[in-house]
Structure formats: structure tokens, C-alpha cells
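Position 306 of the first sequence, counted from 1, bears residue number 689 in this note's numbering, the numbering being contiguous throughout.
What follows is one structure encoded as C-alpha cells, with my remarks underneath.
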Amino acid sequence: MLQVLYIRENKSAVIDGLKKKHFKGAEEHIEQILATDAKRRETQKELDGVLAETNQKAKDIGNLMKAGNKNEAESLKAVTAELKIKSKTLSDLLTKYEEDLSAVLIKLPNIPHVSVPEGRTHDDNQEVFKHGEIPQLSSAALPHWELIKKYDIIDFETGVKISGAGFPVYKGKGARLQRALINFFLDEAVKAGYLEVQPPILVNPASGYGTGQLPDKDGQMYRADADDLYLIPTAEVPITNIYRDTILNENQLPVKNAGYTPCFRREAGSWGADVRGLNRLHQFDKVEIVQIALPENSYKVLDEMVGHVKALLKKLELPFRIIRLCGGDMSFASALTYDFEVYSAAQKKWLEVSSVSNFESFQANRLKLRYKGKDKTHILHTLNGSALALPRVVAAILENNQTDKGITLPKALVPYTGFDSI
RNA sequence: AGAGAGAUGGCAGAGCGGUCGAAUGCGGCGGUCUUGAAAACCGUUGACCCUUCGCGGGGUCCGGGGGUUCGAAUCCCUCUCUCUCUACCA
């Protein structure tokens, strides 16, 4: 959520930013916010005056009573009765303005960083880095959804029976590969200085609002209605919400947390050619890294996180590229996002396996996540990234490393799997 | 799920309906002492909103909401949550 003070002081930059994100009606929304805010402040001022007067009168009455001056006390009571009506009216009005204000603010996306390219869709994104050779496979090469059947390591049909489409059952070496990847990713994160955490995977609505999934993406999350909880679409939600309503000391920063969780996405309205096999699932595994940083350091931290993900993909020997998302393709809460895509050689497709973002103060403002500076408290910056999401990594490993004799695993994984080929 | 207890500042824990934003202890910060540290001692230490160039001033907040009252952390109603015991269970 943007801060009103910031909007007030940077009106045109905010409007430009919203337009870059292709947010409809940017001017109207900002004008409405500023008008409501002005009324809010005016009302607050007036109300404070009335309350100050009421407080004073109450004290006076107390003193008069003590002094035994009943008559004068009674006549003052009549005055306070009037003041009370007035303050009731004003505070109702104030509440209304505050509600109006946050109703608009909560729907406003974050504004993009200056380096974010203009554009509307995936096609307008910028490639900023590329690494690795595209494997040349034989004409007999199979896409991963054939390979998993051939080697009997992932079973979609049985998943359909148990849950539905998009809930695969991993078996044998397939299951062990999952476990190996999770351990590998967590170990790498811990080596990089992240504190490993294991958060809840069902979260309350307040947590959803904190990180910005609500109200924007209500329909994308699975809901446990009976208890008013959501299944997390990413560990970002519970991990970042650890720090909701928190004031950190400057010496605790940066906070670096990493956690593995299953992730659940309804993917409502998604269909088409790119949903086959492991390309898009309702349930998948992911290791997430989260950092909380001082505002002046957050872009340095973003680079560090990008570096971490880069190193992971190099160790997995996968060809990949890094994409800077354009304004129209970025998420609601993000100020700058880098997507990592690995090349899946049999599908001949780039698959997104990580998304690393700086949310600046957008989430922290909703979360009331601050730090104590020398003079007063300030809003922090939050960042997160996948490191990494498993299914597409698995797809690329399977496809890229297939041979006549089986699938060769990257060396870095062998200590984790206990086998070097499938 | 049944019964009971409770929700106060970073934590622990007081608080006759009226100078209570709130005692006290711990922790934190600053200082004295010390070669340094510890101990001891002294001081300091909540958040948010409005207003002011600044000093400062005003307001709100003792789980949430509502009520009684001139005045509520303190009384009443209600919701939520937590804890304990029992039941159940990995």
C-alpha cells in the first residue's frame, strides 16, 4: 500500500507510475485520494479541538464536584452534552473518510522502479542476462510428460483420482528427486546466511492483505471456508507475515529467512498449451527466500538475491536467462521484478522457475513493519524470491539430460539423491 | 468437542470510575566507575494521527466492537483470541 504522504508529495510521479503499470483511472483515483485525505485532515483537526474542550470540561466538573460546587458542575454538564453530540458527528465523519481512503488505497498497485521498462505483456520484458548452452537433443527426445511415464517417476492420473488435475503423485526416484532438491535449496540458502523457517501453510485473511494477495488475488487462492483460512500460494505470505506489526532494531537488519513449503494455486481461468505436465500445477513445492532491509539498501539486497538464484541454476547446470519484467507484466505489489527462466530443451520453451522482487515499502506499509531509527520509526523494505520452485526445474532437468541410457542428474544433486541417473 | 480462567507497554506484572500512557521488575539506550568487561550506581526508554520551519501544542490507543457516565484500563453487553483441565489425536 502506498503512503498517503508519499502520494501527496509525489503526485505526478505516482500517476506516471500507475500508468506504467497500466492501472486504469490513475488520475481519478489519485485525485479522489487527495481530496478524501484533505477532508480527513480537516475533520481530524476539528474533532481534536472538540475533544480537547470536552476533556477540559470533564476535569473542571471533577474539580467543581470536589469543591462541592454542585450547581456550576451541573451547568457544565449541559455544555458537555452538546460537545458530545458534536464529537460523535465528527468522529463518524472521520471514520467514513478513513474508510473511503483505505478502500481506494488498498486497491492501488505499487508503482514501478525507474528501471522498469514500459510495456504491457510478456513480450515487452527485457532480457538482462543469459547463461549456458542450449542442449541439442536427438529427434527421439521426449518432453518431460513422456519421460515421467517412461521411468515411472511422476503419476498424474493417480493424482487426478485423489484430488484432481494438477496434483501429481511423485514416486520412487521422482519423489526422492523432490526431496533432494528441497534439501539442496535449503542448504544453499542457509550457507548464504538465511535463517531456515518452517511456517504455517494455512493463513488468515490479515496475512493475505499484508503481503498484497488480498484483495487483489482472492480468486487465485484456495480457501478453507469453515475456518476462514487460505492455503498459501507461496511461502512469501507466511514468512513475510512473521514480521507483521513489528518494529525491528536497526542492528537486526537485514532479516534473511528461507523456507520450504508446498504452494497452492487455483490458477482459475488458466488454460492453453503451456499447462501440460509439470508446467503448471495446483500444488507444487518451492523454497522461498525473504529479506527485510533498510530502504537505502534494498536494491543492493535485490542484486544479492538475484546472485543467489543465479548460482543455484549454475550448480544445476541449466541454461537460463534473467528477465526484467515490464510495467504491465509485474505483480500488484512489486516495484521491480526479475524472472528467471530455464530452457526446457524438449519442449523448446523457456520456463519461469523464479521471480525475485523488491516490494520497497508497499508490503511493509500494510504489514506495519518498521524499524527504530535514531530519531523515530521508519517503514522498511521487503523482498523475496523463489530459490527455487521445483516442478519446472524438474521438467528441465529431465528433458535436458535425457540420454539413451537414462537421465543424468547434475553433479550437485547426487549427494542429495544418492543416485546419479534415472 | 466439554468445563473453567484470562487478554495491560519489548517481556514479566500492578492498577479505589477522576492529574493513569499507566506502578514495579527485567530488557534496551546514555552516563559514572574500570586498562577493558562485569557488578554497582545515576539518568533515560511506547505507537499512531493532526498541527508547527522548529521549540512545542492537541488528539487516539490498556485484545476488537458497542454501552453506562460530566469522566472508564477500571462498570455492563458482545465478538475474537489465548491458556488450564477433561475428551480425542500425530
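Here a beta-carbon is modelled for each residue, glycine too, at the ideal position from N, C-alpha and C.
{"Asked": "What would DSSP say about LEU685, mapped onto helix, strand or coil?", "Found": "helix"}
{"Asked": "Round the Cβ separation of LEU636 and LEU578 to the nearest angstrom and send it over; I've been treating them as touching at under 8 angstroms.", "Found": "That pair is no contact at about 13 angstroms."}
{"Asked": "Who are the near neighbours of SER612 in its chain, counting only those whose CB is closer than 7 angstroms to its CB and skipping five residues on each side?", "Found": "First, the amino acid is wrong: residue 612 is Leu here, not Ser. Answer for LEU612: LEU585, VAL586, ASN587, listed in chain order."}
{"Asked": "Distance check for THR426 and SER727, CA to CA, integer angstroms please.", "Found": "60 angstroms"}
{"Asked": "Output the boundary residues of the beta strand (DSSP E) element that contains PHE723.", "Found": "719-727"}
{"Asked": "Just to confirm the assignment: which complete alpha helix (DSSP H) runs, minimum length 4, are found wholly within the segment 397-458?", "Found": "409-450"}
{"Asked": "Taking only runs of the beta strand (DSSP E) that begin and end inside the segment 742-787, which ones reach a length of at least 3 residues, in chain order?", "Found": "752-755, 760-762, 764-772"}
{"Asked": "Hey, out of ALA421, GLU724, SER740, whose CA is closest to GLY710's CA?", "Found": "SER740"}
{"Asked": "Assign PRO621 to one of two classes, buried (16 or more other C-beta atoms within 10 Å of its C-beta) or exposed (fewer than that).", "Found": "buried"}
{"Asked": "According to the Cβ coordinates, are PHE745 and GLY595 closer than 9 angstroms?", "Found": "yes"}
{"Asked": "Restricting to Cα atoms, I'd like to know which of LYS755, LEU792, ILE416, ASP610 is closest to ILE630.", "Found": "LYS755"}
{"Asked": "CB-CB under 6 angstroms to ALA779, same chain, minus the five flanking residues each way: which ones, in chain order?", "Found": "LEU701, VAL725, SER727"}
{"Asked": "If we call anything under 9 angstroms between Cβ atoms a contact, is LEU699 one with HIS527?", "Found": "no"}
{"Asked": "Would you mind sorting MET384 into buried or exposed? The rule is 16 or more other CB atoms within 10 Å of its CB.", "Found": "buried"}
{"Asked": "Are the segment 473-484 and the segment 429-443 touching by the rule of at least three beta carbon pairs closer than 8 angstroms?", "Found": "yes"}
{"Asked": "CB ASP669 to CB LEU597, shorter than 9 angstroms?", "Found": "It is Lys, not Asp, that sits at residue 669 in the sequence shown. No. Outside cutoff."}
{"Asked": "If you draw a straight line from the alpha carbon of LEU889 to that of VAL736, how long is it in whole angstroms?", "Found": "The first residue shown for the chain is 384 and the last is 805, placing residue 889 beyond what the model contains."}
{"Asked": "For VAL580 and LEU417, what's the separation of their Cα atoms in angstroms?", "Found": "41 angstroms"}
{"Asked": "Going residue by residue through the segment 577-630, where are the continuous beta strand (DSSP E) segments of at least 3 residues, counting only ones entirely within it?", "Found": "612-614"}
{"Asked": "Give a yes or no on whether the C-beta atoms belonging to ILE537 and PRO551 are separated by under 9 angstroms.", "Found": "yes"}
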